[in-house]
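See below for the structure under consideration.
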Amino acid sequence: MGAVSLEKQAAERSLWEHLKNDAEHRFEWSIYKNTPIKRGWLNQKWKIETNKGTFLLKQYNRERIKKYDLDTIRTALRTQNRGFNHGVPCPELLEHGGELLHKTLNGELYTIMEFMEGNLIRAGNADSHQMKSLGSAIGKLHDLLNDGTLPPKKETMFNMPSFQNRIGYWDSVIAACDEKGLTELKPFILLQKEATSKLKKDFDNLTPGWCHRDLWVDNLLFSSDAVKAILDFDRMNYDFLELDIGRIIISACLHNHTLNPEAVHAFIEGYSHTNELSLDRVIQSLRLVWYMESTWWISVIEHEGDPPKRFAHEMIWLSQHLSNLEEILAWKK
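For what it's worth, my numbering labels the leading residue of the sequence shown as 1072, then goes sequentially.
Written out as structure tokens, the structure reads:
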């Protein structure tokens, strides 16, 4: 084992001991077992077993947290607990001294929440029962987020560029490909530009509102036939509701190169328990997710890890099928 790995392990052990001591003192309990959960990006998580029950401890990475406004995160955490209290399937966070976001003497920030049972699913592998349940849960969540408790903002997080602006962006990426000799990447960049040039009035009548903004399969737990938990509310903010809808559908329903129409229609059925959702709006949602995220994942900058590869695959598939989504999603029971 290399010196870097040993150093990293020692740092992780030191961090854990620091968090453990703070949590035991703060909540007046004893932690007798911890299991690291290797999921998520940079933030560290542990399943902890205590004399008061089983919980999850989540530490916020010091560098990553600098990109976030702490008041916005606190609002998201309070909203998560409000969701729990109103029947949204999400873990309840533990409060201490009126705070859900706890800070150690060394400045580490962490939360402790109920440990939720359930299974992760692989991207694209949700079935129609799971998607109907998920649609119902997301519809309930969107209702709660936009019940007036949180005031609307003047602007959404996604400030939509004009089609002409976006075409200019892709031209600059094509030039960068040529300059760097990225011949394998260039066809995918050209595909994004071509898809953009075919857009018309695709984004009229969008729905601004409070959104989860991080709905993909790694932030969900399922049983065999239902969603058990919606996780990680940290990115919650004011945006287009369609982005939540499109993101989870492409994440959960695109299997290899096939979008599962039965699962998509099951999501529509579930979501429609609380909010009207048409197939046209779902198609608009998928196009909007592509329009926002394609510049993130189809790039001359190489991303590390499996999630970015999956996101890039989703963006390429969408750019190839934007014009025939109606045909792909035509389905009747």
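Don't be surprised by glycine CBs; every beta carbon is placed ideally from N, CA and C.
Remember, it's a predicted structure, so these values are computed and weren't measured experimentally.
Can you say whether residue i is buried or exposed, counting buried as having 16 or more other CB atoms within 10 angstroms of its CB?
i, result
"T1220", "exposed"
"W1361", "buried"
"H1157", "exposed"
"G1178", "exposed"
"A1082", "exposed"
"R1110", "exposed"
"R1193", "exposed"
"H1068", "Nothing about residue 1068 can be read from this structure; the chain reaches only from 1072 to 1404."
"S1233", "exposed"
By the DSSP assignment, the alpha helix (DSSP H) with residue i in it spans what residues?
i, result
"G1206", "1199 to 1216"
"I1183", "Careful: I1183 lies outside any alpha helix (DSSP H), inside the beta strand (DSSP E) at 1180 to 1185."
"A1147", "1141 to 1156"
"L1172", "It is not in any alpha helix (DSSP H) - L1172 carries neither H nor E in the DSSP assignment."
"L1396", "1396 to 1399"
Would residue i and residue j qualify as a contact pair, given that the criterion is a beta-carbon distance under 8 Å?
i, j, result
"A1297", "H1392", "no"
"D1285", "D1303", "yes"
"A1247", "V1371", "yes"
"F1229", "F1311", "yes"
"L1171", "R1145", "yes"
"P1378", "D1305", "no"
"T1227", "Y1309", "yes"
"K1104", "E1088", "no"
"L1086", "Q1130", "yes"
"A1323", "G1195", "yes"
"N1299", "M1184", "A small fix is needed here, since residue 1299 is Lys in this sequence, not Asn. The answer is no: Cβ separation not under 8 Å."
Determine the extent of the beta strand (DSSP E) in which residue i is found, giving its start and end residues.
i, result
"F1293", "1291 to 1293"
Kindly provide the ranges of any alpha helix (DSSP H) runs that are 4 or more residues long and lie completely inside the region 1311 to 1376, ordered along the chain.
1312 to 1324, 1332 to 1342, 1350 to 1368
Are the region 1237 to 1254 and the region 1271 to 1278 in contact at 8 Å, needing three or more beta carbon pairs? no
- What are the complete alpha helix (DSSP H) segments, minimum 4 residues, inside the region 1107 to 1133? none
Problem - At least 3 beta-carbon pairs within less than 8 Å: the region 1342 to 1358 vs the region 1206 to 1213 - result: yes
Exercise. Could you name each continuous beta strand (DSSP E) segment of 3 residues or more that falls completely within the region 1239 to 1315, going from the start of the chain to the end?
Key: 1279 to 1282, 1291 to 1293, 1298 to 1301, 1308 to 1311
Give a yes or no on contact between the region 1113 to 1128 and the region 1189 to 1204, applying the rule of three or more CB pairs nearer than 8 Å.
-> no
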